[in-house]
Amino acid sequence: MALRKTCLVTGCSAGGVGAAFAEAFKNKGYHVFATARSPSKIPQTLHEASNVTVLALDVTSTESIASALEEVKKKTNKLDVLVNNAGLGLNMPGLDTSLEEAKKLFDLNFFGALAMMQAFGPMLVAAKGCVVNNSSVGGVFNFPFSSIYNASKAALIHGGETWRLEMAPLGVRVMTLVTGGIATNFFVNMQTLIFPENSYYKPIKDIIEDNPEENPYGMKPEVFAQDVLSRVEKGANGKQWVGGGASIGRFGLWLMPQGAIVSLTSSQS
């Protein structure tokens, strides 16, 4: 069994936050289980590292989670850190979003994190470990045309804060990242569904679909990951406002009246 600290990260495709998390924990000396639905998308540097195990993992599949759990158990009997990073965005008016697609997004962004925590719970308890849920400022601010994504991230924030209370007696910390801007391909890769012919929003379809190629508040993924790693190592717990513009958003939420916040978020759409 491994003696060094262990960390499992979901959603480790190249160029994303998950790969940056895996690199940061690897460089800190953890044995990292870097996972993705398609392992071929995980950076070659992680495939080649001696303290990294690359695994296929789809967090929306109970069979896939069970298979990954068995592979992790072959190398360790405890898990010090679980980073629930896998997720997806969606730009679409609530009136035009199919319930099927909405439920799929919740399965990935919310229920996937819960399923991972349940499956790896005993290993986290054995390590007196830490769960890191990567949520978003979208779970706090009401950005138009992202209602399903915002709701899934709000659920993760509130779920995470409750899990924090539930797991504290077991010696497990639960950190929930209220993540701001990160310089990844998140907006470029964001799915946009096909508008119904009778959509009220057809005249502004191009505006809704115009995802920026570069986030003006984008923090480099490696800087973001190092910040999160530092917080994990220092014993942080609960909500953590991290990433580009997050601290400004937190301050604004505390300082500004609700009407001003609504006006600001509406102007960002």
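Per the working numbering, the very first residue in the sequence shown carries number 1018; after that it's consecutive.
The beta carbon of each residue, even a glycine, is placed where N, CA and C say it ideally should be.
Span of the alpha helix (DSSP H), counted from its first residue to its last, around residue i
{"i": "Phe1160", "result": "Neither: Phe1160 is in no alpha helix (DSSP H) and is coded neither H nor E."}
{"i": "Asn1044", "result": "1034-1044"}
{"i": "Lys1219", "result": "Note, Lys1219: premise wrong, no alpha helix (DSSP H); not H, not E."}
{"i": "Lys1091", "result": "Counting along the chain, Lys1091 falls outside any alpha helix (DSSP H), and DSSP gives it neither H nor E."}
{"i": "Leu1116", "result": "1116-1123"}
Any non-hydrogen atom of the ligand MG within 7 Å of residue i CB
{"i": "Ser1084", "result": "The ligand content of the structure shown is nil, which means the ligand MG is not present either."}
Cα-Cα separation between residue i and residue j, rounded to whole angstroms
{"i": "Arg1054", "j": "Leu1112", "result": "30 Å"}
{"i": "Met1192", "j": "Gly1033", "result": "20 Å"}
{"i": "Phe1123", "j": "Ala1143", "result": "29 Å"}
{"i": "Pro1238", "j": "Thr1093", "result": "28 Å"}
{"i": "Ile1059", "j": "Ala1103", "result": "13 Å"}
{"i": "Val1069", "j": "Ser1164", "result": "36 Å"}
{"i": "Gly1276", "j": "Thr1196", "result": "Residue confidence for Gly1276 is low, a pLDDT of 44 falling below 50, so the modelled location carries little weight and cannot support an answer."}
{"i": "Pro1056", "j": "Phe1128", "result": "22 Å"}
{"i": "Val1098", "j": "Leu1072", "result": "16 Å"}
{"i": "Ile1174", "j": "Lys1256", "result": "8 Å"}
{"i": "Asn1159", "j": "Ile1199", "result": "19 Å"}
{"i": "Gly1176", "j": "Ala1085", "result": "24 Å"}
{"i": "Met1133", "j": "Asn1101", "result": "8 Å"}
{"i": "Phe1137", "j": "Leu1194", "result": "20 Å"}
{"i": "Gly1156", "j": "Cys1029", "result": "22 Å"}
{"i": "Phe1204", "j": "Cys1147", "result": "In this prediction, Phe1204 has a pLDDT of 48, which is less than 50 and means its spatial position is unreliable; nothing more can be read from the coordinates."}
{"i": "Leu1063", "j": "Thr1023", "result": "15 Å"}
{"i": "Ile1211", "j": "Tyr1166", "result": "16 Å"}
{"i": "Leu1105", "j": "Ser1153", "result": "11 Å"}
{"i": "Asn1039", "j": "Val1240", "result": "Correcting the residue type first, residue 1039 is Ala in the shown sequence and not Asn. Cα-Cα distance, rounded: 13 Å."}
{"i": "Tyr1218", "j": "Val1089", "result": "47 Å"}
{"i": "Gln1061", "j": "Glu1250", "result": "26 Å"}
{"i": "Glu1178", "j": "Ala1253", "result": "13 Å"}
{"i": "Val1259", "j": "Asp1244", "result": "8 Å"}
{"i": "Asp1075", "j": "Ala1051", "result": "12 Å"}
{"i": "Ala1031", "j": "Phe1042", "result": "16 Å"}
{"i": "Val1149", "j": "Met1109", "result": "28 Å"}
{"i": "Thr1046", "j": "Ile1221", "result": "Note that residue 1046 corresponds to Gly in the displayed sequence, not to Thr. Computed Cα separation, rounded: 49 Å."}
{"i": "Leu1116", "j": "Ala1171", "result": "18 Å"}
{"i": "Ser1021", "j": "Leu1096", "result": "This sequence places Arg at residue 1021; Ser is not what is there. Answer to the nearest angstrom: the Cα atoms are 10 Å apart."}
{"i": "Val1026", "j": "Pro1213", "result": "37 Å"}
{"i": "Asn1126", "j": "Asn1151", "result": "9 Å"}
{"i": "Ser1067", "j": "Val1189", "result": "28 Å"}
Residue i: first and last residue of the uninterrupted beta strand (DSSP E) it sits in
{"i": "Asn1101", "result": "1098-1101"}
{"i": "Leu1112", "result": "Careful: Leu1112 lies outside any beta strand (DSSP E) and carries neither H nor E."}
Helix, strand or coil at residue i according to DSSP, with G and I counted as helix
{"i": "Met1236", "result": "strand"}
{"i": "Thr1062", "result": "helix"}
{"i": "Leu1105", "result": "coil"}
{"i": "Thr1079", "result": "helix"}
{"i": "Gln1135", "result": "helix"}
Residues that residue i bridges to, as DSSP identifies them
{"i": "Gln1257", "result": "Leu1194"}
{"i": "Ala1053", "result": "Ala1073"}
{"i": "Thr963", "result": "No answer is possible for residue 963: the residues shown for the chain start at 1018 and end at 1286."}
Within-8 Å CB hit, residue i to chain D
{"i": "Gln1135", "result": "The question asks about chain D, but that chain is absent: this structure has only one protein chain."}
Exercise for the section: Identify every run of the beta strand (DSSP E) within the segment 1142-1200, keeping only runs that are complete inside it and at least 3 residues long; order them along the chain. Expected result: 1147-1151, 1190-1196
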